[in-house]
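Asks: Per this note's numbering, the sequence shown starts with residue 14, numbered consecutively. The beta carbon of each residue, even a glycine, is placed where N, CA and C say it ideally should be. All of these numbers come straight from a predicted model, not from anything done at the bench. This is the structure I want to talk about, given as structure tokens.
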Amino acid sequence: MECPVGNWTKNFLPFPSSAFSEFSITSYKRGHDDNRLKGFTHGYRLFKSNKVMKVLLHYGDEVVVKAVVQASFKVATYNVAIFINSQGEVLQGNCNCIGGIQGRCKHVFALLWYILDCVHQELSHVVEDVACTSVPRTWGRGSNKTRNLSMFDQLKFIKHEPNKHNKSTLKIIEKRNNLKDCYGSIEINSDFLRKCHNNCVNSGLNMLAESIEANGFRASTHYLSSFTAVTYSLPTEELWGEEYSNLCKNYGIEEGKQEFCKISLSLARKLQNETCLQSHSQLWFSERSKRLTASKFYAVISRQAPVTEQFINTVFTKTATFQSREMNIGLRNEAEVIRKLIDRNPNFKYIKCGVCVNPGIPILAASPDGVIYNELTNTYNLLEIKTLVKAMEHNCTIQEAMERKLCDFLVNDGENIFLKKNHKYYMQVQGQLAITGLRYCLFVVDSGKDMITLNIELDVNKWKSEWLQKLVLFYFTNFNFNI
Ligand SMILES: [Zn+2]
Numbered sequence: 014m015e016c017p018v019g020n021w022t023k024n025f026l027p028f029p030s031s032a033f034s035e036f037s038i039t040s041y042k043r044g045h046d047d048n049r050l051k052g053f054t055h056g057y058r059l060f061k062s063n064k065v066m067k068v069l070l071h072y073g074d075e076v077v078v079k080a081v082v083q084a085s086f087k088v089a090t091y092n093v094a095i096f097i098n099s100q101g102e103v104l105q106g107n108c109n110c111i112g113g114i115q116g117r118c119k120h121v122f123a124l125l126w127y128i129l130d131c132v133h134q135e136l137s138h139v140v141e142d143v144a145c146t147s148v149p150r151t152w153g154r155g156s157n158k159t160r161n162l163s164m165f166d167q168l169k170f171i172k173h174e175p176n177k178h179n180k181s182t183l184k185i186i187e188k189r190n191n192l193k194d195c196y197g198s199i200e201i202n203s204d205f206l207r208k209c210h211n212n213c214v215n216s217g218l219n220m221l222a223e224s225i226e227a228n229g230f231r232a233s234t235h236y237l238s239s240f241t242a243v244t245y246s247l248p249t250e251e252l253w254g255e256e257y258s259n260l261c262k263n264y265g266i267e268e269g270k271q272e273f274c275k276i277s278l279s280l281a282r283k284l285q286n287e288t289c290l291q292s293h294s295q296l297w298f299s300e301r302s303k304r305l306t307a308s309k310f311y312a313v314i315s316r317q318a319p320v321t322e323q324f325i326n327t328v329f330t331k332t333a334t335f336q337s338r339e340m341n342i343g344l345r346n347e348a349e350v351i352r353k354l355i356d357r358n359p360n361f362k363y364i365k366c367g368v369c370v371n372p373g374i375p376i377l378a379a380s381p382d383g384v385i386y387n388e389l390t391n392t393y394n395l396l397e398i399k400t401l402v403k404a405m406e407h408n409c410t411i412q413e414a415m416e417r418k419l420c421d422f423l424v425n426d427g428e429n430i431f432l433k434k435n436h437k438y439y440m441q442v443q444g445q446l447a448i449t450g451l452r453y454c455l456f457v458v459d460s461g462k463d464m465i466t467l468n469i470e471l472d473v474n475k476w477k478s479e480w481l482q483k484l485v486l487f488y489f490t491n492f493n494f495n496i
């Protein structure tokens, strides 16, 4: 659409005010497929800081509003034009800034918010602008509040002692603790957020409503604690003890080395419990670092190349490893996945898990995402959650993600979806099952738009005949007992 020539006016009366609302702006924003669009909020800030100037209107088949919008921190200005039809719909926005090609830059939104402001003020004419550099400064003028003056000898002086809390700080600490309790008892789940969203819409708090919606009605992970009421003893039993001691005998492993990781069933359960309450604690790291963890099983078992020092270091990590952006998103999504899972299966109860070690084969460890207790069948299944971050960003279903190669661990035989048996996730699940003593794992794949659950069973034969010995041999050959 071309900007018309001539007949520009400041007259606002012919503007379709009754049809133009905040909805016009939000639906223009939604017309864009990029939901990370920042122009919407940034534009609002520009408008609030009086960066929209020289507004003029042209009435024809559509209303064209043009303006000069100043850049956020620079003297630069941009020419913006917006086309609006009689139904109040924004048809197009133009701006000559770098980001303005798609017509949805912050300058366009700044003008849209400006127009909305004119509508709200029921103006007959758009106001003659006063550049913000021409108005008196608004900062540093002092407050208008009247203060109650007190006499000097009435002032209370408190001697500052850094290690001693005075009564008022103690009160503040107590207050904060009380607040913690009271926040902890509110369950902020997606239902709650949907209610909030409705209330926001009804009271016209559209920006807040938008942001709740843009976050997919997802709450923070803290509420997880509210549905971890069921407790469960993990590992379920001592397993693989005979196989392990036979292997140690065959490989001639010294008693001392075998003692290094040794743990009783009750201590293993205690460890699991304590690390579940405090994941990524010192205990969590130290107990994992002396063992082979399930997430590394695939690398160890499938290794063809000679074992290098670098490889050993990645297998036995001693400290917190770097978390990629994708891992972080995946971690934050876990709570939402659990919520969805329980929404779909009301008879499911989620049980959090810590570091799990089986006393039968104490050189191995696993930290599963949790256990699902099914009230109907009275069964416990392991839970493993994988978030397809890329698919989430492209708003794909699982099927679409597989077609677009955004998911390398699933295969489709035309009818069903499976977890590839030669993928590290499969080996990780097998290890977790073998260590925890559970038979099945609910393997949940989430793309945000779509979620599937696969049922994976422990392959006892492979575990006993192949994997176990490879893991034991690798551990005793490569673990550094001297530290
Ligand atoms: Zn622009």
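Is T241 helix, strand or coil when you go by DSSP?
Replies: Since pLDDT at T241 reaches only 46, below the 50 mark, its modelled position is unreliable, and the value read off the structure follows with that caveat. It is coil, neither helix nor strand.
Asks: Beta carbon of H120: closer than 7 Å to some heavy atom of ligand 1?
Replies: Yes, the beta carbon of H120 sits closer than 7 Å to at least one heavy atom of ligand 1.
Asks: Ordered along the chain, which non-local residues of its own chain (more than five positions away) have a Cβ less than 7 Å from that of K64?
Replies: Closer than 7 Å at the Cβ level, and outside the excluded window around K64, lie V82, Q83, A123.
Asks: According to DSSP, what are the bridge partners of I97?
Replies: Answer is V76, V103, bridged to I97.
Asks: Say the cut is 7 Å; is the CB of C110 nearer than that to a heavy atom of ligand 3?
Replies: Ligand 3 is not part of the structure shown, which contains ligand 1 as its ligands.
Asks: Could you name the residues of the same chain whose beta carbon sits closer than 6 Å to that of E250, not counting the 5 residues immediately before and after it, in chain order?
Replies: Closer than 6 Å at Cβ, skipping near neighbours: G450.
Asks: Excluding the 5 residues preceding and the 5 following V328 in the sequence, name in chain order all residues of the same chain whose CB lies nearer than 6 Å to its CB.
Replies: Here the set comprises K309.
Asks: State the DSSP-derived secondary structure class of T90, mapped to helix, strand or coil.
Replies: If DSSP states are grouped into helix, strand and coil, T90 belongs with the strands.
Asks: Which residue marks the beginning of the alpha helix (DSSP H) containing T54, and which one marks its end?
Replies: First-last of the alpha helix (DSSP H) with T54: 52-61.
Asks: In the DSSP assignment, find the alpha helix (DSSP H) that holds T39 and state where it starts and stops.
Replies: T39 -> alpha helix (DSSP H) spans 35-43.
Asks: So for G197, helix, strand or coil by DSSP?
Replies: Note that G197 has pLDDT 47, beneath the 50 cutoff, so the model's placement of it is unreliable and no number is given.
Asks: Taking only three categories from DSSP, how would you classify Y236?
Replies: Reliability fails at Y236, whose pLDDT of 41 lies under 50, so the model's placement of it is uncertain and no value is given.
Asks: Compare the Cα-Cα distances from G56 to each of R304, G112, G427, N98 and report the closest residue.
Replies: That would be G112, whose Cα lies nearest to the Cα of G56.
Asks: Does the distance from the CB of A80 to the CB of K67 come in under 8 Å?
Replies: Yes, the Cβ-Cβ distance between A80 and K67 is below 8 Å.
Asks: Quick check: what's the CA-CA separation for E522 versus F492?
Replies: Because the chain in this structure spans residues 14 to 496, residue 522 falls outside the shown range and cannot be described.
Asks: Give the C-beta separation of W253 and I374 to the nearest angstrom, bearing in mind that I take them to be a contact with Cβ-Cβ under 8 Å.
Replies: The pair is a contact, with the Cβ atoms about 5 Å apart (cut-off 8 Å).
Asks: Tell me where the alpha helix (DSSP H) around F489 begins and ends.
Replies: That run of the alpha helix (DSSP H) goes 481-491.
Asks: List the endpoints of the continuous alpha helix (DSSP H) containing L278.
Replies: L278 -> alpha helix (DSSP H) spans 278-290.
Asks: Under the DSSP definition of a beta bridge, which residues are partnered with F456?
Replies: DSSP, once it has assigned bridges, lists E397, L467 as partnering F456.
Asks: For W21, which residues in the same chain have their Cβ closer than 8 Å to its Cβ, ignoring the five residues on either side in sequence?
Replies: Excluding sequence neighbours, W21 sits near L69, L70, H71, K79.
Asks: Count the CB pairs spanning the region 31-38 and the region 94-105 that are closer than 8 Å, and state whether there are at least three.
Replies: Judged by Cβ distances under 8 Å, the region 31-38 makes contact with the region 94-105, as three or more pairs qualify.
Asks: Within the chosen definition, does the region 481-489 reach the region 264-279 through at least 3 CB pairs nearer than 8 Å?
Replies: Yes: the two stretches touch, three or more of their Cβ pairs being nearer than 8 Å.
Asks: Straight-line CA distance for S85 to H120?
Replies: The straight-line gap from Cα to Cα measures roughly 9 Å.
Asks: How would you label H138, buried or exposed, when you count the other beta carbons within 10 angstroms and need 16 or more for buried?
Replies: Exposed: under 16 other Cβ atoms inside 10 Å.
Asks: Work out the CA separation of V402 and T392 for me, nearest whole Å.
Replies: Going from the Cα of T392 to the Cα of V402 covers about 31 Å.
Asks: May I ask which residues mark the beginning and end of the alpha helix (DSSP H) holding L451?
Replies: Careful: L451 lies outside any alpha helix (DSSP H) and carries neither H nor E.
Asks: Verify whether the separation of the beta carbon atoms of V350 and V457 is less than 8 Å.
Replies: Yes.
Asks: On the DSSP bridge assignment, give the partners of F361 in chain order.
Replies: DSSP output for F361 lists N387 as bridge partner(s).
Asks: Using 8 Å as the threshold, is the C-beta distance between L446 and L471 below it?
Replies: The answer is yes: Cβ separation under 8 Å.
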